[in-house]
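Numbering (full-length UniProt numbering), first residue to last: 1 to 145. The beta-carbon is built from N, C-alpha and C at its ideal position, and this holds for glycine as well. Keep in mind it's a predicted model, so treat the numbers as computed, not measured. Worksheet: one structure, shown below.
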């Protein structure tokens, strides 16, 4: 597996369209959640792509500067045909590693879907909020020091 990280301005139109297509497939169609999937954060985010040895996109996240004390990441996805092979673990670990390099003095705070609480806890994330609804999906805030 290879990790690529790019700002939007460094991507080709084809590359960005492929990412947008996959994000909409997962977060709008699969999760049946109509919302503004592509947003203003995409312009300043670092877009992390996990690709296999043939160069095919396997997974994606975006990393952002959240505030004075925190970095964050989101839009975590593994393409359907690659699920069930622990690529999600590789993707999240690569994202944590990159976020720590990009923002070395900041904690990482995420909005995790509630059903993934134990998954993120396995990386050291701790819950810092009660469960709440975000776009009608249960979430909770978690932080990694």
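Close beta carbons around residue i, own chain, < 6 Å, minus the five adjacent residues each side
i: residue 27; result: 37
i: residue 117; result: none
Spatially closest choice to residue i from the options, by CA coordinates
i: residue 7; options: 119, 112 and 61; result: 61
i: residue 64; options: 103, 130, 3 and 14; result: 103
i: residue 144; options: 135, 120 and 29; result: 120
i: residue 89; options: 122, 80 and 13; result: 122
i: residue 82; options: 11, 9, 22 and 17; result: 22
i: residue 54; options: 10, 131 and 3; result: 3
Neighbourhood of residue i by C-beta distance below 7 Å, restricted to the same chain and skipping five residues each side
i: residue 91; result: 50, 59, 61, 76 and 78
i: residue 52; result: 1 and 58
i: residue 45; result: 62, 63 and 64
i: residue 129; result: 140 and 141
Cut-off 8 Å between Cβ atoms - residues of its own chain near residue i, not counting five sequence neighbours on either side
i: residue 133; result: 139
i: residue 31; result: 137
i: residue 39; result: none
Within 8 Å, strictly: CB atoms of residue i and residue j
i: residue 106; j: residue 70; result: yes
i: residue 93; j: residue 141; result: no
i: residue 43; j: residue 135; result: no
i: residue 66; j: residue 113; result: no
i: residue 5; j: residue 98; result: yes
i: residue 95; j: residue 73; result: yes
beta-carbon residue i near the ligand GDP non-hydrogen atom, thresh 7 Å
i: residue 81; result: The ligand GDP is not part of the structure shown, which contains no ligands of any sort.
Whole alpha helix (DSSP H) elements within the stretch 51-136, 4-residue minimum: The stretch 51-136 contains these whole alpha helix (DSSP H) runs: 87-102 and 117-121.
Entirely enclosed alpha helix (DSSP H) segments - the stretch 6-48, minimum 4 residues: The qualifying runs are 13-24.
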